[in-house]
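Following: one structure in structure tokens, then a few remarks.
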Amino acid sequence: MPSQWVAGTCNPAQKGLRPNISISPKQYQQNRDQMLQPAKRTITRDENTNKGNLNNLAVFIRFADDTDFINTYSSIQLMFNDSSNEYKANSLFDYFKRTSYNQLFIRTYLYPEPNGELVLSYQDSLPRGYFQPWSETNPLGYRDDDSLPSRTEREHQLLDRACRFVDSLIPNDIDFDYNHDGYIDNVCFIVRGDVGDWNVLLWPHRWSLYTTETYIHGKRVYDYNLQLADAEAYFNPSVLCHEMFHSLGAPDLYHYSYEGFDAVGKWDLMCSNQNPPQQTCAYMKYKYGNWVKESEIIPVTEYGTYTIMPLNSEHPDRISYRFSTQSPYEFIIADFRNHKAPFDETTPGAGVVFYRVNALYNGNASYNGDDVLDEIYVFRMNGDENHNGNISSANFRGNIVRHEFSPLTNPYPFLSDGQFVPLHIVNFTTGADSIQFDYTEWVSVIDYEDGSITAYPNPTNHNITITNTLQGIFHYQIFNVQGQLLDTQSTSDTQCSFNVDNYPAGYYFIKIFEDQKYYKTLKFVKQ
Numbered sequence: 326m327p328s329q330w331v332a333g334t335c336n337p338a339q340k341g342l343r344p345n346i347s348i349s350p351k352q353y354q355q356n357r358d359q360m361l362q363p364a365k366r367t368i369t370r371d372e373n374t375n376k377g378n379l380n381n382l383a384v385f386i387r388f389a390d391d392t393d394f395i396n397t398y399s400s401i402q403l404m405f406n407d408s409s410n411e412y413k414a415n416s417l418f419d420y421f422k423r424t425s426y427n428q429l430f431i432r433t434y435l436y437p438e439p440n441g442e443l444v445l446s447y448q449d450s451l452p453r454g455y456f457q458p459w460s461e462t463n464p465l466g467y468r469d470d471d472s473l474p475s476r477t478e479r480e481h482q483l484l485d486r487a488c489r490f491v492d493s494l495i496p497n498d499i500d501f502d503y504n505h506d507g508y509i510d511n512v513c514f515i516v517r518g519d520v521g522d523w524n525v526l527l528w529p530h531r532w533s534l535y536t537t538e539t540y541i542h543g544k545r546v547y548d549y550n551l552q553l554a555d556a557e558a559y560f561n562p563s564v565l566c567h568e569m570f571h572s573l574g575a576p577d578l579y580h581y582s583y584e585g586f587d588a589v590g591k592w593d594l595m596c597s598n599q600n601p602p603q604q605t606c607a608y609m610k611y612k613y614g615n616w617v618k619e620s621e622i623i624p625v626t627e628y629g630t631y632t633i634m635p636l637n638s639e640h641p642d643r644i645s646y647r648f649s650t651q652s653p654y655e656f657i658i659a660d661f662r663n664h665k666a667p668f669d670e671t672t673p674g675a676g677v678v679f680y681r682v683n684a685l686y687n688g689n690a691s692y693n694g695d696d697v698l699d700e701i702y703v704f705r706m707n708g709d710e711n712h713n714g715n716i717s718s719a720n721f722r723g724n725i726v727r728h729e730f731s732p733l734t735n736p737y738p739f740l741s742d743g744q745f746v747p748l749h750i751v752n753f754t755t756g757a758d759s760i761q762f763d764y765t766e767w768v769s770v771i772d773y774e775d776g777s778i779t780a781y782p783n784p785t786n787h788n789i790t791i792t793n794t795l796q797g798i799f800h801y802q803i804f805n806v807q808g809q810l811l812d813t814q815s816t817s818d819t820q821c822s823f824n825v826d827n828y829p830a831g832y833y834f835i836k837i838f839e840d841q842k843y844y845k846t847l848k849f850v851k852q
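Residue numbers are given in our numbering: position 287 of the sequence shown equals residue 612, and the series is strictly consecutive.
In structure tokens form, the structure reads like this:
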């Protein structure tokens, strides 16, 4: 609730206001699960799921106090259905045609039909404020208690009224139930106006109409997307594709309630969708899209040279490779993102991107860092299980600095619990339409816990000294908690010292290795 004080005119602490008030991630997830649980229904998935011709229904809505839509009908039609350019058209239709390797064709039918370029719409009897959260300035709004009709009831009753209005306007010869399960495959409700806050009613989202028995031509309306037509940053082909992939079964790859970590970033449509929309990764296409076979994410079992083709090739041939780890539930996948190809020009860069899959989870939305972890995590510069790093610096190719992937590189491969993965990939060679790399043997990780390597004094004010009784030339690297390399030395002496006078107070890490053998990481405190 807003206070009576204006920011900058007083000290909030003196007024009894506490900063950072928020429910816990666990409580947030419980609230979300409680809302979504009734919406879940069992959908039979088989080899034909998400393939063929799917007819998407779009319905225009405005509120009692709204004027006509300001969008032109043709601009909206193109966002959904443009297929005029054989190379690329930025539309929902063309995106799924290409990302499915010509297996899924989504045509959208928009109702009511327009009057030339004028968008006609169902106009509700209630004003916009009724569908916004309650406040002292909006007494019509909904609250999270039983004193007024809830958000769910208001949203679902609105959509029910809109469906009943357009039912008679839609021809009987359009099949909106391509899998013949008695449900309309998907409805996109396009609402006049701009967005509100995240996760309120007037925000782009995918949900289910589970509280009402709503039918169009005898088929039940259930799965739907809601879009806001005046929100230029959100009402575009990218958001349409993101929400449609939800309807096809895909989860979000961003964190709903946990701050500080971005597991996937701009490398996948389901995390941070760009415009034009970028491809979704090969694993998402396999598990949720059903457009890539499990065998087409090629398991790598022998050392050698491998050629990888762009993820957005015409066919899913050698587009992805899978590497096993020491965990039975986790594996690492390599995709090639071609920055110049359709629907990947908005990724942060071109090259091979490595990501970890944890098969125990579905999506990343519920991540809490404790008992719920990410299904997909993209390896990036300065990133580990405790630090976000630079998610945009994840691509490997021969003519940039990231040309090797191993436990001694930055980034490096690790499991969800932080364990190093003994994976060694080198010699990235970029061709005209492919990249080659070598998969080679990695010497096992060695971690001495017998006191052979120690650091003192700890905490320290001026110098940190490492003693090492092992034989050989050892390399010592100091990192801060952000994963930035601060200093490095290589020596065969039994002692190695670093001056830390200019380091800010806090925690630091010393990584110690010899040739390709990683030995251990020590932590120290600068006072």
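A virtual CB, placed ideally from N, CA and C, is assigned to each residue, including glycine.
Inset, instruction - State the beta-bridge partners of Ala-659 as determined by DSSP. - result: Against the sequence shown, residue 659 aligns to sequence position 334. In DSSP, Ala-659 forms a bridge with Tyr-646 and Phe-679.
Legend entry - Unbroken stretches of the beta strand (DSSP E), 3 residues or longer, contained in the segment 402-468: The qualifying runs are 429-436.
Inset, instruction - Verify the contact flag: Asp-485, CB atom, against every heavy atom of the ligand GDP, threshold strictly below 6 Å. - result: Judged by which ligands are present, the structure shown has none, so any question about the ligand GDP falls away.
Inset, instruction - With a threshold of 16 other CB atoms inside 10 Å of the CB of Cys-335, please say whether the residue is buried or exposed. - result: On the sequence shown, residue 335 is found 10 positions in, with the first residue counted as 1. Exposed is the call here.
Legend entry - Validate contact between the segment 660-668 and the segment 591-604 using beta carbons, cut 8 Å, 3 pairs: Taking a cut-off of 8 Å for Cβ pairs, the segment 660-668 and the segment 591-604 touch, as three or more such pairs fall below it.
Inset, instruction - Give the DSSP-derived three-state secondary structure of Ala-554 in the structure shown. - result: Counted from its first residue, the sequence shown places residue 554 at position 229. Note: Ala-554 maps to coil in three-state DSSP.
Legend entry - Spatial distance of Arg-853 from Met-569 (CA atoms): The requested residue 853 is not part of the displayed model; the chain covers only 326 to 852.
Inset, instruction - Just the C-alpha distance for Pro-624 and Asn-381, rounded to the nearest angstrom, thanks. - result: Looking up residue 624 in the sequence shown gives position 299. Looking up residue 381 in the sequence shown gives position 56. Roughly 36 Å between the two C-alpha positions.
Legend entry - From His-567, Asn-693, Gly-590 and Phe-656, residue whose alpha carbon lies closest to that of Thr-424: By one-based count along the sequence shown, residue 424 stands at place 99. The shortest Cα separation from Thr-424 among His-567, Asn-693, Gly-590 and Phe-656 belongs to His-567.
Inset, instruction - Could you check what DSSP says for Thr-477 in three-state terms: helix, strand or coil? - result: Here residue 477 is taken as the residue at index 152 of the sequence shown, counted from 1. If DSSP states are grouped into helix, strand and coil, Thr-477 belongs with the helices.
Inset, instruction - List in chain order: all unbroken alpha helix (DSSP H) runs of 4+ residues lying wholly within the segment 560-634. - result: Within the segment 560-634, the complete alpha helix (DSSP H) segments of 4 residues or longer fall at 562-572, listed in chain order.
Legend entry - For Lys-610 and Leu-573, the rounded distance between their alpha carbons: Indexing the sequence shown from 1 puts residue 573 at position 248. Indexing the sequence shown from 1 puts residue 610 at position 285. Approximately 11 Å between the Cα atoms of the pair.
Legend entry - Run of the beta strand (DSSP E) containing Ala-383, from where it starts to where it stops: The sequence position of residue 383 within the sequence shown is 58, counting from 1. Counted as a single uninterrupted DSSP element, the beta strand (DSSP E) harbouring Ala-383 occupies residues 377-387.
Inset, instruction - State whether the segment 735-755 contacts the segment 645-663, with contact taken as three or more CB pairs (one from each stretch) at a distance under 8 Å. - result: The segment 735-755 and the segment 645-663 touch, with no fewer than 3 CB-CB distances between them shorter than 8 Å.
Inset, instruction - Pick out whichever of Gly-441, Asp-390 and Val-703 has its Cα sitting closest to the Cα of Cys-606. - result: Here residue 606 refers to the residue found at position 281 when the sequence shown is read from its first residue. Among Gly-441, Asp-390 and Val-703, the Cα nearest to that of Cys-606 belongs to Val-703.
Inset, instruction - Pick helix, strand or coil for Ser-815, following the three-state DSSP scheme. - result: Here residue 815 corresponds to residue number 490 of the sequence shown, with the count starting at 1. In the structure shown, Ser-815 falls within a strand segment according to DSSP collapsed to helix, strand and coil.
Legend entry - Backbone secondary structure at Ser-400 - three-state DSSP: Your numbering for residue 400 matches position 75 in the sequence shown. DSSP, reduced to helix, strand and coil, places Ser-400 within a helical segment of the structure shown.
Inset, instruction - Starting from Thr-754, follow the beta strand (DSSP E) in both directions and report where the run begins and ends. - result: Here residue 754 refers to the residue found at position 429 of the sequence shown. Unbroken beta strand (DSSP E) run through Thr-754: 749-755.
Inset, instruction - Reducing DSSP to helix, strand and coil, say where Arg-343 ends up. - result: Taking the sequence shown and counting its residues from 1, one reaches residue 343 at position 18. Residue state, collapsed to three classes: coil.
Inset, instruction - Measure from the alpha carbon of Val-826 to the alpha carbon of each residue in Ile-789, Phe-834 and His-800, then state which is nearest. - result: Indexing the sequence shown from 1 puts residue 826 at position 501. Residue 826 is actually Asp in this sequence, not Val. Ile-789 is the residue among Ile-789, Phe-834 and His-800 whose C-alpha sits nearest the C-alpha of Asp-826.
Inset, instruction - Counting only the same chain and skipping the five closest in sequence on each side, list residues whose C-beta sits under 8 Å from that of Lys-376. - result: As a working mapping, residue 376 is identified with position 51 in the sequence shown. Within its own chain, the residues whose Cβ lies closer than 8 Å to the Cβ of Lys-376, once the five positions on either side in sequence are excluded, are Ser-425, Gln-428, Leu-429, Asn-615 and Trp-616, listed in chain order.
Legend entry - Pair within 7 Å by beta-carbon distance, Ile-515 and Phe-385: As a working mapping, residue 515 is identified with position 190 in the sequence shown. As a working mapping, residue 385 is identified with position 60 in the sequence shown. Yes, these two residues count as a Cβ contact at 7 Å.
Inset, instruction - Take Arg-479 as the anchor and find which of Thr-626, Asp-758 and Leu-451 has the nearest alpha-carbon. - result: The sequence position of residue 479 within the sequence shown is 154, counting from 1. Ranking the options by Cα distance to Arg-479, first place goes to Leu-451.
Inset, instruction - Look at Ala-383 and Cys-513 and say whether their C-beta atoms are less than 7 Å apart. - result: Position 58 of the sequence shown holds residue 383. Position 188 of the sequence shown holds residue 513. Against a cut-off of 7 Å, the Cβ pair of Cys-513 and Ala-383 comes out as a contact.
Inset, instruction - Starting from the Cα of Phe-823, find the closest Cα among Tyr-844, His-800 and Asp-840 and give me that residue. - result: Indexing the sequence shown from 1 puts residue 823 at position 498. Nearest C-alpha to Phe-823: His-800.
Inset, instruction - Could you tell me whether the Cβ atoms of Asp-577 and Ile-716 are closer together than 7 Å? - result: As a position in the sequence shown, residue 577 is number 252, starting the count at 1. As a position in the sequence shown, residue 716 is number 391, starting the count at 1. Cβ distance not < 7 Å, so Asp-577 and Ile-716 don't count as in contact.
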